[in-house]
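>
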Ligand SMILES: Nc1ncnc2c1ncn2[C@@H]1O[C@H](COP(=O)(O)OP(=O)(O)OP(=O)(O)O)[C@@H](O)[C@H]1O
Ligand SMILES: [Mg+2]
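Protein chains in written order, with my numbering: chain A, 1 to 379; chain B, 1001 to 1305.
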């Protein structure tokens, strides 16, 4: 077959400008703006149904946006067909060609583009993902993990400008998943392509990506480096979707130098202004569980603290999780690293003080429903 | 029917289960028990009559007593079947081949539309394909004979416009092929539809994602994935069409007779025709078996392109 006629060479960052996709009355992707720098590993993280696949399909050209534009570098790809784009997809279900051998599956793309070395390229790529010994088999004769590697090879062999991975590890067991995460990262570093990795596993996104975007209801809630996002969530959804947070709704009552003072369930707490994403009126206050200390007696010196009662203790080896009921009735979780030779020996019913450094606290706009939704989505 | 077995196993993309672990020894008779009723049925109603037919095909006639035979090993019946009735054999294969071809040409787009484009009309179309089975095949063919008859609406209109060269539609080979095509069309549509419907849409999308345009994706992905259905459909059309005599009888003329017609007349209308009719039946069966074997060996495997 002749070279696909309309193929567009485009190089550069992937840019989505005000991209919207509606299905009837339902808006699956809502006015999305996104820049993915060339050569970066970008993770799109979000709960089921938030529009991740729809976003990828629009980048691949399998779906056209209802509004907005998609660029790679300066080339506007909006409206072009999938086969015209320098973009390849690793499908969630692998979608290997069942009637072709593994080698022919991988050589499919290069052949369509008229590459004479299609077979050699296929063999090299199969070697890269370490399934070259299966080259003459059919997809049905491979295990899930092997099929996943072939799906990756089939996309990778084309050296696309942007590689889209739609939950490629979703169907695998934990061990294989971890192993393939490491390999994916290695391959990305080796070949230097732009990877967009969709997942609803926050740990996967955090460990692999340079940049993580958290998506919810068709919008991006927050985007940034994994560590930054974990350290300072900007919405109640992110606070509970990327790791967990102890959250409480309260009122801003005062300012104290660089700090904001809020009254949360009867306790006055401080939050650095730089970490306060909501600064007035009703806000949602939060601290990460591992930033909270559990103490037998009232702490001395700086920091905010509350008295409470131990509800439950679970020992997980590296750490111990305490569930502490506060006077207001809310239950906080606190992770204590098991560093001390003599750990504090607490039992349910014991009275304790919990304390944290205000430098770790944050506030976000109060939205308990979203916080709960995030908690349920990651349960 | 290795072809049909093939239909069952092809198509799926998932990993196949490893062979099930050995059954416990005490239960190994169960599959045979389940096979028993079917096997008995086939033995009584298929194997025995077949053997009977085979012995008939080797019988000789009592000289001077037309209609009476004695047991013999007389292969001249086969010689007669092949020499005297070669034109009918040729026509059977030709007509069945043409009908299969036309049925394929009609069925594939229809099945494709049903599987991919019909949306909520899919079930309506499916019923429309199956609906003809609610009336008898012979009645429908009789109806076609009336529709296509010289004084019928089609032929008279075409004649009035001087568009019908021979003046007739019925009693031509075209009418026979059209009848065969019509009658066996559902057998072509349904397996193709089933294989297309089962095909993973993501796999077809993957073709587009990997630089194949619409037509190339069809040629290299969709069509090969539907091959099991195409093979099943062509077999289900060709085999009964090659042995059919109703269409040639009702829509054709003497010069469009097929093997089925000869067998029928040798059995029921010609005194002393039994052995030849039986030999014709066996020859037809062997011929079709051989062709199906070659066909499935050639196309039943994966690659067509
Ligand atoms: N073709 C379609 N027609 C109508 N609605 C659709 C269509 N495709 C997707 N949707 C809807 O758009 C929303 C987003 O779907 P999408 O597949 O992008 O979710 P996702 O984030 O990939 O979820 P998951 O993690 O479960 O794969 C869903 O609510 C879905 O029902
Ligand atoms: Mg999805």
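We put the beta carbon where it would ideally sit given N, CA and C, even for glycine. Please read these numbers as outputs of a predicted model, since none were measured by experiment.
From residue 1245 of chain B to residue 1164 of chain B, what does the alpha carbon distance come to, in whole angstroms?
Taking the first residue of the second chain as position 1, residue 1245 of chain B is located at position 245. Taking the first residue of the second chain as position 1, residue 1164 of chain B is located at position 164. The alpha-carbon atoms of residue 1245 of chain B and residue 1164 of chain B are separated by roughly 25 Å.
> Measuring only the C-alpha atoms, how far is residue 309 of chain A from residue 350 of chain A?
Numbered from 1 along the first chain, position 309 holds the residue referred to as residue 309 of chain A. Numbered from 1 along the first chain, position 350 holds the residue referred to as residue 350 of chain A. So the alpha carbons of these two residues sit roughly 6 Å apart.
> Out of A:19, A:49 and A:28, point me to the one whose CA is closest to residue 35 of chain A's CA.
Position 35 of the first chain, counted from the start, is the residue given in the question as residue 35 of chain A. Selected option, being the one with the closest Cα: A:19.
> Let's see if you can read the secondary structure: which residues bound the beta strand (DSSP E) around residue 197 of chain A?
Residue numbering aside, residue 197 of chain A sits at position 197 when the first chain is read from its first letter. Run containing residue 197 of chain A: 194-199, per the beta strand (DSSP E) assignment.
> Quick check: is any heavy atom of ligand 2 less than 6 Å from the C-beta of residue 21 of chain A?
If you number the first chain from 1, residue 21 of chain A lands on position 21. False, no ligand heavy atom lies under 6 Å from that Cβ.
> Taking buried to mean at least 16 other C-beta atoms within 10 Å of its own C-beta, is residue 1033 of chain B buried or exposed?
For this step, residue 1033 of chain B is matched to residue 33 along the second chain. Residue 1033 of chain B should be labelled exposed.
> At a Cβ threshold of 7 Å, is residue 1295 of chain B touching chain A?
By 1-based counting over the second chain, the position of residue 1295 of chain B is 295. By this cut-off, residue 1295 of chain B is not an interface position.
> Closer than 7 Å by beta-carbon distance: list the chain A residues that pair up with residue 1072 of chain B, in chain order.
Within the second chain, residue 1072 of chain B is the residue found at index 72, counting from 1. Chain A residues near residue 1072 of chain B: none, gap ~52 Å exceeds 7 Å.
> Check whether the Cβ of residue 379 of chain A sits closer than 6 Å to any heavy atom of ligand 1, and report yes or no.
As a first step, residue 379 of chain A must be located in the first chain, where it is residue number 379. Because no heavy atom of ligand 1 lies under 6 Å away, the Cβ of residue 379 of chain A does not count as near it: no.
> Under the three-state reduction of DSSP, which class applies to residue 353 of chain A: helix, strand or coil?
Your numbering for residue 353 of chain A matches position 353 in the first chain. Here residue 353 of chain A sits in strand by DSSP.
> Flag residue 1211 of chain B as yes if its beta-carbon sits less than 7 Å from any beta-carbon of chain A, otherwise no.
What you label residue 1211 of chain B is simply residue 211 of the second chain in a count that begins at 1. For residue 1211 of chain B, the closest Cβ of chain A is nearer than 7 Å.
> Measure the C-alpha to C-alpha separation of residue 40 of chain A and residue 164 of chain A and round it to an integer number of angstroms.
For the purposes of this step, residue 40 of chain A is taken as residue 40 along the first chain, with counting starting at 1. For the purposes of this step, residue 164 of chain A is taken as residue 164 along the first chain, with counting starting at 1. The alpha-carbon atoms of residue 40 of chain A and residue 164 of chain A are separated by roughly 12 Å.
> When the Cα atoms are used, what is the spatial distance from residue 366 of chain A to residue 283 of chain A?
The sequence position of residue 366 of chain A within the first chain is 366, counting from 1. The sequence position of residue 283 of chain A within the first chain is 283, counting from 1. Distance between the alpha carbons of residue 366 of chain A and residue 283 of chain A is about 5 Å.
> To the nearest angstrom, report how far apart residue 231 of chain A and residue 223 of chain A are at their CA atoms.
By one-based count along the first chain, residue 231 of chain A stands at place 231. By one-based count along the first chain, residue 223 of chain A stands at place 223. Approximately 13 Å, taken between the alpha carbons.
> Taking the C-alpha atoms as reference points, what is the distance between residue 90 of chain A and residue 1242 of chain B?
Residue mapping note: residue 90 of chain A aligns to position 90 of the first chain, counting from 1. Residue mapping note: residue 1242 of chain B aligns to position 242 of the second chain, counting from 1. Their backbone Cα atoms lie some 47 Å apart in a straight line.
> What residue range is occupied by the uninterrupted beta strand (DSSP E) comprising residue 1117 of chain B?
As a first step, residue 1117 of chain B is located in the second chain; it is residue number 117 there, counting from the start. Unbroken run through residue 1117 of chain B: none, as it is neither H nor E.
> Residue 356 of chain A to residue 330 of chain A, Cα distance in whole Å?
Mapped onto the first chain, residue 356 of chain A falls at position 356. Mapped onto the first chain, residue 330 of chain A falls at position 330. C-alpha separation (whole angstroms): 17 Å.
> Given that residue 1224 of chain B touches chain C, what residues does it touch there, using C-beta distances under 7 Å?
Among the protein chains in the structure shown, which are A and B, there is no chain C.
> In whole angstroms, what is the alpha-carbon distance linking residue 1054 of chain B and residue 1183 of chain B?
By 1-based counting over the second chain, the position of residue 1054 of chain B is 54. By 1-based counting over the second chain, the position of residue 1183 of chain B is 183. Between residue 1054 of chain B and residue 1183 of chain B, the C-alpha separation is close to 30 Å.
> Of all the beta strand (DSSP E) runs that stay within the bounds of the region 268-293 of chain A, which reach a length of 3 or more residues?
282-287
> May I ask whether a heavy atom of ligand 3 can be found less than 6 Å away from the beta carbon of residue 52 of chain A?
In the structure on display, ligand 3 does not appear, and the ligands it does have are ligand 1 and ligand 2.
> Count the other CB atoms, across all protein chains shown, that sit within 10 Å of the CB of residue 1110 of chain B; report buried if there are 16 or more and exposed otherwise.
Against the second chain, residue 1110 of chain B aligns to sequence position 110. Buried is the call here.
> Which complete alpha helix (DSSP H) runs does the region 297-378 of chain A hold, if anything under 4 residues is left out?
The qualifying runs are 368-378.
> Need the endpoints of the alpha helix (DSSP H) that residue 1232 of chain B sits in, please.
If you number the second chain from 1, residue 1232 of chain B lands on position 232. Taken as a continuous stretch (DSSP letters only), the alpha helix (DSSP H) holding residue 1232 of chain B covers 1223-1243.
> Since I believe residue 135 of chain A is in contact with residue 103 of chain A (beta carbons under 8 Å), could you give me their beta-carbon distance rounded to a whole number of angstroms?
Position 103 of the first chain, counted from the start, is the residue given in the question as residue 103 of chain A. Position 135 of the first chain, counted from the start, is the residue given in the question as residue 135 of chain A. The Cβ separation is near 4 Å, so the contact holds.
> Tell me where the alpha helix (DSSP H) around residue 18 of chain A begins and ends.
Here residue 18 of chain A refers to the residue found at position 18 when the first chain is read from its first residue. Not the alpha helix (DSSP H): residue 18 of chain A falls in the beta strand (DSSP E), residues 14-23.
> By Cβ distance below 7 Å, which residues in the same chain neighbour residue 1226 of chain B in space, the five residues on each side in sequence not counted?
As a working note, residue 1226 of chain B is residue 226 in the second chain. The residues are 1192, 1195, 1196 and 1199.
> Mark residue 1269 of chain B as exposed unless 16 or more other C-beta atoms lie within 10 angstroms of its C-beta, in which case mark it buried.
As a working mapping, residue 1269 of chain B is identified with position 269 in the second chain. Residue 1269 of chain B comes out exposed.
> Within 7 Å (strictly less), CB to CB, does residue 82 of chain A reach chain B?
Mapped onto the first chain, residue 82 of chain A falls at position 82. At least one chain B Cβ lies under 7 Å of residue 82 of chain A.
> Closer than 7 Å between beta carbons: that is the criterion. Which residues of the region 1182-1209 of chain B meet it against chain A?
Answer in chain order: 1200, 1202, 1203, 1205, 1206, 1208 and 1209.
> Pull up the distance between the alpha-carbon of residue 353 of chain A and that of residue 307 of chain A, whole angstroms please.
For the purposes of this step, residue 353 of chain A is taken as residue 353 along the first chain, with counting starting at 1. For the purposes of this step, residue 307 of chain A is taken as residue 307 along the first chain, with counting starting at 1. Looking at the two C-alpha atoms, the distance is approximately 4 Å.
> Please determine if the region 84-98 of chain A and the region 161-177 of chain A are in contact, where contact requires at least 3 C-beta pairs separated by less than 8 Å.
Pairwise C-beta distances place the region 84-98 of chain A in contact with the region 161-177 of chain A, as three or more of them are shorter than 8 Å.
> Rounded to whole angstroms, what's the CA-CA distance from residue 376 of chain A to residue 203 of chain A? Just pull it up for me.
Position 376 of the first chain holds residue 376 of chain A. Position 203 of the first chain holds residue 203 of chain A. Looking at the two C-alpha atoms, the distance is approximately 16 Å.
> Which class does residue 1130 of chain B belong to by DSSP, given the choice of helix, strand or coil?
Along the second chain, one-based indexing puts residue 1130 of chain B at 130. Helix.
> Is it the case that the region 280-295 of chain A contacts the region 240-252 of chain A, given that we only count it when at least three CB pairs across the two stretches are under 8 Å?
yes
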